[in-house]
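Worksheet for the structure shown next.
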Amino acid sequence: MNFDYTDDQKELKDEARRFLADVAPLTVARGVLDDPARGHDAALWARIGEQGWCGAAIPELYGGLGLGYVELCALAEELGRAVAPVPFASSVYLFAEALLIAGSEAQKAEWLPKVSTGELIGTIAATEGAGVLVAERIATRFENGTLTGTKLPVTDGMAADSAVVLAKEGLFLVDLTGPGVTRESVSTLDPTRGAAKLVFDKAPAEPLASGNAREQLSRIHDRAAILLAFEALGGADRALEMARDYALERYAFGRPIGSYQAIKHKLADVFVRNEVARANAYYGAWALSSDAPELGLAAAAARVSSSAAYYLAAKENIQTHGGIGFTWEADCHFFYRRARHLSLILGAPRVWKRHLADRLVARLAAEEVQ
Amino acid sequence: MNFEDNPAEAEYRAKVRAWIAANRPDMSHLLPEENRNWHPAHKEVARKWQHIKADAGYACLSWPKERGGAGGTQIEEAIFNQEEARAGIQFTYFMTGLHMLLPAMMEFSTDEASLARVPPAVRGEEIWCQLFSEPSSGSDSAGIRTAAVQDGNDWVINGQKVWNSGAQIADYGMMVARTDPTVPKHKGLTAFWLDMKTPGVEVRPIMMMSGDNELNEVFLTDVRIPDNQRVGEIGGGWKVIISTLMNERAALGSGTGLNWRDVIKLAGQVPSFEGTALDDPTFREWLADLYVDAEAIRLLSFRTLTALSHGKTPGPEGSAGKLLWSGLGGNLSSQAVDILDHGGLIDDPAIALASGAFQHRFLWAPGLRLGGGTDEIMKNIIAERVLGLPGEPRVDKDVPFRDIPRGR
Ligand SMILES: Cc1cc2nc3c(=O)[nH]c(=O)nc-3n(C[C@H](O)[C@H](O)[C@H](O)COP(=O)(O)OP(=O)(O)OC[C@H]3O[C@@H](n4cnc5c(N)ncnc54)[C@H](O)[C@@H]3O)c2cc1C
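Protein chains in written order, with the numbering used here: chain D, 4 to 373; chain B, 283 to 690.
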């Protein structure tokens with residue numbers, strides 16, 4: 004029993020924090036915000052690639068470091084804290100995980116080494132527009148070795164070289180630089196995480212190894228949900244620290260605003276929500292690293308609590324800053340934008356609350372049978 | 283990060299689980315109205331259970347044997363407590379003594395006659411109450427006015443305490459009094475323990491809004507106690523208060539009372555638009571939010587345990603657990619009563635679902651936010667001691683206690 008990172012994991016995390024403080028100050032995210040066509044910061048992505056982080060949890064057999072999932076969670080927490088404008092989540096938590104879960108031996112051997120070094124950017128293209136993603140409603144079709152359909156929005160869809168695409172017939176691998184693929188950049192709430200509309204018109208596609216696509220997608224989403232919860236946790240912690248620091252410096256009525264209870268209690272509430280997110284994320288990290296039967300429930304709990312925490316922390320950070328917090332100039336909106344990006348990309352909180360309740364009720368029923 | 287038992291822990295858990303199943307208290311003979319905290323019949327069951335646990339080496343597991351404990355580890359104690367809670371066995375009579383006051387006694391007293399009171403409490407033979415709060419000293423817990431004056435080798439105590447849980451049945455109490463009103467308020471306090479039968483101690487019950495008689499006023503008139511019943515140094519009472527309050531918050535934050543399992547069971551029995559309340563999407567969405575908080579309370583207690591097993595003391599972040607727990611009690615009982623619709627009004631244990639436990643909790647819930655430190659005080663602690671924000675401007679800090687302005 005241990006509710007903490009190990010010393011080695013802490014060291015990795017501290018190192019990552021120092022590294023990102025150096026190479027990814029918020030001015031880097033601002034560069035992308037002010038020039039959204041870039042979608043991500045290529046120089047930062049290259050630096051991260053050199054660190055080998057993309058392969059942190061990918062087995063050595065496929066060119067990764069094979070460190071493990073708690074290590075990847077630690078990196079996710081730091082990347083989230085840095086609000087890093089890079090396609091890490093798409094490539095590592097989604098594309099690589101999809102291959103690990105549903106790919107054939109040959110597919111893993113071909114793609115994972117390139118993901119591990121960061122030379123290849125992958126993503127997942129599932130949703131087809133507004134509304135809850137329901138596998139049965141997917142319109143994209145696979146026929147004669149090609150895909151036809153439209154995916155919108157696809158995070159990192161402009162930057163990615165390859166995508167795992169959800170079609171009615173299952174999950175498919177598509178070379179996004181190949182024929183039959185047109186893509187256009189889509190403006191989103193968080194320009195530091197670029198997105199695209201992908202149109203497939205008889206684009207050559209290769210099925211992932213057989214299996215139940217719905218179950219596979221749900222497993223991919225569960226695992227990614229835990230990793231994204233760590234990104235959200237890192238961001239929420241930083242937003243709280245920013246608010247705390249400002250509350251100590253800013254004076255009104257002759258006192259620091261942080262001495263007023265309305266501010267203190269607000270930030271205490273944020274702290275409590277972050278603690279709830281942390282506890283559930285840590286449990287998720289354990290479930291992920293040990294492939295525990297609790298994984299699905301833990302993932303939903305991590306996702307629901309981290310989405311709530313990040314949103315609260317981000318909006319109260321703006322509020323604590325007053326007017327300056329509402330400007331384009333101030334850094335507060337990075338967190339507000341990223342919080343919503345993270346809580347929508349795998350399905351909104353209400354979707355995950357539903358998963359959570361379903362899984363909880365199922366677990367209780369199973370316990371009663373025992 | 284590891285939330286699994288190691289093989290030794292798993293083995294211990296299995297052993298404890300089997301033992302609890304074989305020895306668990308039989309509550310079936312209790313009538314619904316008897317099956318409530320503080321009812322003598324209920325208390326008798328609790329006392330027996332505590333005794334059985336002590337005999338088997340499961341009470342105060344991590345305490346030294348000479349103090350009535352079993353000399354076990356904190357982890358073993360936590361595992362036992364988890365299994366006890368899992369089996370739905372939750373008695374609160376001994377919490378004040380065993381989780382708050384006697385740990386402070388062991389920390390601050392070296393007097394063997396005083397420490398001899400510990401083992402009987404472990405066996406459930408003696409019950410303790412906390413005599414800290416006063417009419418004008420609640421949140422402001424250093425504002426104590428009850429006076430203790432030294433007279434030879436004795437102390438003579440005069441004053442009034444209030445909100446003392448269980449004082450009506452307690453055998454002993456720990457009390458803090460002002461021994462020096464000429465110094466600033468935190469410096470002039472001293473802690474004592476006393477027999478509740480000492481002449482001059484008068485307990486008057488206060489009926490709570492839930493209808494229960496758990497709280498009391500305790501009047502102290504010329505109560506004379508020997509100096510060896512002093513706990514800690516003269517003027518060291520504030521340290522004792524802090525130690526017990528930290529223990530209290532950790533204990534409360536570890537979460538007792540009705541939980542998501544109970545509310546799911548209830549929802550599955552209550553008709554809704556279609557099917558039961560458990561099928562209602564709005565209920566399920568609420569359940570998800572409740573669950574993440576309940577899980578956080580459970581998991582954060584592992585953090586406390588991790589800190590303890592690394593030889594660290596749990597810090598002020600434990601206040602988050604107390605806040606979550608008090609919020610959960612209100613949220614859960616309010617929702618449970620609502621899904622029963624009109625039927626939620628019925629609180630007669632003989633006919634209400636779950637013997638009216640949710641209605642009872644609903645009426646108790648406001649007290650959860652007050653006892654053990656109010657929600658507002660918890661937030662002050664988090665803001666100041668965890669986040670490092672400035673304290674309120676204070677008018678009472680460096681002035682002699684007797685010169686501090688008083689309100690109602
Ligand atoms: C069920 C229950 C059991 C209890 N058991 C015991 C017991 O066994 N032994 C014992 O000694 N005491 C016990 N108490 C007393 C409890 O500790 C106090 O009630 C509590 O600390 C609040 O003090 P008060 O009632 O004087 O309210 P006050 O301190 O007068 O508070 C009134 C309101 O003002 C707020 N407030 C006060 N100060 C501040 C501040 N600085 N910042 C912001 N808001 C503030 C409070 O949060 C509250 O909302 C119990 C109370 C309850 C309800």
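From the three backbone atoms N, C-alpha and C, an ideal C-beta is built for every residue, glycine too.
All figures in this text were calculated on a predicted structure; none of them were measured in a lab.
Residue environment for residue 8 of chain D: buried (at least 16 other C-beta atoms within 10 angstroms of its C-beta).
Taking a Cβ-Cβ cut-off of 7 Å, residue 224 of chain D has no neighbours in chain B, whose nearest Cβ is about 16 Å from it. Contact annotation: in the region 356-370 of chain D, residues whose CB is within less than 8 Å of a CB in chain B are 356, 357, 359, 360, 361, 363, 364, 367.
At a cut-off of 8 Å between beta-carbon atoms, residue 267 of chain D makes contact with chain B. Under the Cβ criterion of 8 Å, residue 7 of chain D is counted among the residues facing chain B.
Taking C-beta atoms as the reference points, residue 98 of chain D and residue 152 of chain D fail to come closer than 8 Å. Within the model, the alpha-carbon separation for residue 256 of chain D versus residue 356 of chain D is close to 43 Å. Counting C-beta pairs with one atom in each stretch, the region 385-392 of chain B and the region 421-431 of chain B have fewer than three that are closer than 8 Å, which means they do not touch.
In the structure shown, the three-state DSSP call for residue 144 of chain D is strand. Around the beta carbon of residue 340 of chain D, 16 or more other beta carbons lie within 10 angstroms, which makes this residue buried. The beta carbons of residue 635 of chain B and residue 551 of chain B sit closer together than 8 Å. Look at residue 474 of chain B here: in three-state DSSP terms it is strand. Interface residue (Cβ-Cβ distance to chain B less than 8 Å): residue 307 of chain D is classified as such. Per the C-alpha coordinates, the member of B:405, B:540, B:320, B:566 positioned closest to residue 451 of chain B is B:320.
The beta-carbon of residue 298 of chain B is placed no less than 8 Å from the nearest beta-carbon of chain D. Closest in alpha carbon position to residue 411 of chain B, among B:457, B:620, B:401, B:436, is B:457.
About 21 Å separates the CB atoms of residue 438 of chain B and residue 415 of chain B; that is not less than 8 Å, and the two are not in contact. Annotation: the region 66-129 of chain D contains the following complete segments of the beta strand (DSSP E) (minimum length 3 residues), in chain order: 125-128. The contact set of residue 287 of chain B on chain D, defined by CB atoms closer than 8 Å, consists of 4 in chain order. Residue pairing for residue 152 of chain D: DSSP places it in a beta bridge opposite D:203. DSSP places residue 180 of chain D in no alpha helix (DSSP H); its state is neither H nor E. Taking C-beta atoms under 8 Å as the contact rule, residue 239 of chain D and residue 280 of chain D qualify, at a distance of about 6 Å.
In chain order, 279 make up the part of chain D whose C-beta sits under 7 Å from the C-beta of residue 575 of chain B. Not one heavy atom of ligand 1 sits closer than 7 Å to the Cβ of residue 410 of chain B.
At least one heavy atom of ligand 1 is found less than 7 Å from the C-beta of residue 658 of chain B. Between ligand 1 and residue 674 of chain B, a heavy atom-to-CB distance of less than 7 Å is present.
Contact annotation for residue 251 of chain D against chain B: 670, 671, 672 [CB-CB distance below 8 Å, chain order]. Residue 457 of chain B: not part of any alpha helix (DSSP H); member of the beta strand (DSSP E) spanning 454-460, first to last residue. Between ligand 1 and the CB of residue 472 of chain B, the shortest heavy atom gap is not smaller than 7 Å.
Residue 101 of chain D and residue 220 of chain D have their C-alpha atoms spaced approximately 8 Å apart. Using beta-carbon distances, residue 26 of chain D does not count as an interface residue toward chain B, since no partner is under 8 Å. For residue 540 of chain B, there is no enclosing beta strand (DSSP E), as DSSP gives it neither H nor E.
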